[in-house]
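One structure is given below, encoded as structure tokens.
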Amino acid sequence: MNFIALIGALALTYYRPHRKLDWLQEIVAPIVQLLERNFNGGNRLQGITAWALVVLLPSLLVGVVYYVLLQVNAILGIIFGVALLYFTLRLSQFGPRAEEIIAALRTGNIDEARLLLGQWEKVDTDSFTLTQIAQVSVETVLSRSHYGLFAPIFWFVILGPAGALFYRLSHIVTMEWQPHEATAFNDWSRKVFRWLNWPPAFVTAGSYAIVGDFEDAIYCWRSQAQTWSDKAMGMILASGAGALGVKIGEPLPMNGILVFRPEIGLGDPADADYLRSTVGLVWRVLVLLIGLLLLLTFAHWLGQ
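To convert, take the position in the sequence shown, counting from 1, and add 25; that gives our numbering.
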């Protein structure tokens with residue numbers, strides 16, 4: 026059932042792309058911010074309570090509804106799973122955005138490229154060079170495909186639609202509740218997301234290595250992943266950059282300050298061609314994961 030629901034959701038998303046960048050975040054973010062304003066008294070228990078209301082409770086409700094629908098009629102359960110995944114996965118977002126930036130990079134339109142990347146990543150790009158725009162765009166495709174596609178699919182396979190929603194809501198809460206500063210209020214949500222993100226991060230990084238340059242991907246993973254502040258994302262970026270044979274990371278000028286970032290990857294600096302190759306890498310990983318899930322589904326059917 027999970028395989029059919031996933032294929033249906035991916036097909037629907039491909040042929041009916043989302044109009045908004047991330048509708049789920051647009052809906053949930055104001056609620057998350059409201060809970061922080063009303064619950065944040067500097068107490069860890071208050072943070073756990075707010076997290077349970079916005080992450081755990083909706084996920085449990087989705088899990089119960091999915092289970093009940095499957096018991097009533099399998100088709101109803103599949104339709105529910107397709108609908109939830111359609112609004113949870115972000116398949117249609119990284120490709121078109123990257124293609125717009127690729128077009129601007131190839132024509133040398135740096136102002137347009139800066140504007141597109143700034144709108145996409147919500148960062149100050151006014152001082153970025155064309156190479157830096159390409160580097161950050163490659164990083165964005167690698168990271169957003171993990172957070173919005175591969176990791177939710179991983180938890181969907183493990184826990185059904187509730188798992189995919191649980192991961193996405195956990196990520197949104199983590200990003201909204203002071204993501205760069207640990208507090209008593211956000212301590213629990215940060216820990217839960219680290220636990221949730223670690224297993225699929227291994228899967229994403231391993232998949233990048235399998236469908237790309239395996240030797241370089243493993244080398245970068247082993248030697249460079251620990252240099253990134255977020256170790257899970259360090260694995261993903263290092264493996265992805267090694268698989269592509271491109272250099273990313275490096276210091277960036279933002280808001281008038283040079284922000285230090287370690288160099289990741291091997292080979293040449295990023296450009297429009299590498300950005301397009303990154304999109305292709307993501308598609309190959311998606312095909313790989315679907316193929317593996319298909320094999321697991323067949324094995325389950327044969328074992329019954």
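Each residue gets a CB set at the ideal place from its N, CA and C atoms; glycine is no exception. Keep in mind the model is a prediction, meaning the values are calculated, not measured.
For residue i, which of the options has the nearest alpha-carbon?
i    : options                : result
A250 : V307, E240, A266       : A266
I135 : S152, W145, R169, L277 : S152
E36  : R215, G237, F112, T154 : This sequence places Ala at residue 36; Glu is not what is there. Comparing Cα-Cα distances from A36 to each of R215, G237, F112, T154, the minimum goes to F112.
A77  : A226, F191, G67        : F191
P294 : I73, A242, Q160        : Q160
R247 : A263, Q50, L82         : A263
L85  : G188, N222, T303, G120 : G188
T229 : P177, I197, L142, E240 : P177
F179 : L318, H205, I29        : L318
E164 : I103, N63, L269, G185  : L269
G72  : V284, A207, W308, D298 : A207
P83  : R193, S232, A324, W145 : R193
L116 : A128, G88, L174, I127  : L174
Quick one: Cα of residue i to Cα of residue j, how far?
i    : j    : result
T156 : L59  : 39 Å
G274 : T38  : 31 Å
V312 : N68  : 45 Å
V57  : S168 : 22 Å
L31  : L114 : 10 Å
A99  : N27  : 11 Å
N211 : S254 : 18 Å
A34  : G106 : 8 Å
H43  : W223 : 28 Å
L81  : S232 : 29 Å
P121 : D47  : 14 Å
So, with DSSP's three-state summary, where would you put residue i?
i    : result
D293 : strand
V284 : strand
V148 : coil
G274 : strand
Q50  : helix
E137 : helix
N98  : coil
G66  : coil
Do the CB positions of residue i and residue j come within less than 8 Å of each other?
i    : j    : result
G259 : L306 : no
L300 : R286 : no
I158 : L140 : no
I261 : A234 : no
F123 : V304 : Phe is not the amino acid found at residue 123; the sequence shown has Ala there. A contact, by the Cβ cut-off of 8 Å.
On the DSSP letters alone, give me the boundaries of the beta strand (DSSP E) that residue i sits inside.
i    : result
P278 : 277-279
Cβ-heavy atom distance between residue i and the ligand SAM below 7 Å?
i    : result
F112 : Judged by which ligands are present, the structure shown has none, so any question about the ligand SAM falls away.
Can you tell me where the alpha helix (DSSP H) with residue i in it begins and where it stops?
i    : result
P177 : 176-184
G216 : Reading the sequence as shown, one finds Lys at residue 216 and not Gly. Residues 212-236.
V163 : 155-170
Q71  : 69-76
S254 : Per DSSP, S254 belongs to no alpha helix (DSSP H) and is neither H nor E.
Does the beta carbon of residue i come closer than 8 Å to any beta carbon on chain D?
i   : result
G67 : Protein chain content of the structure displayed is limited to a single chain, and chain D is not contained in it.
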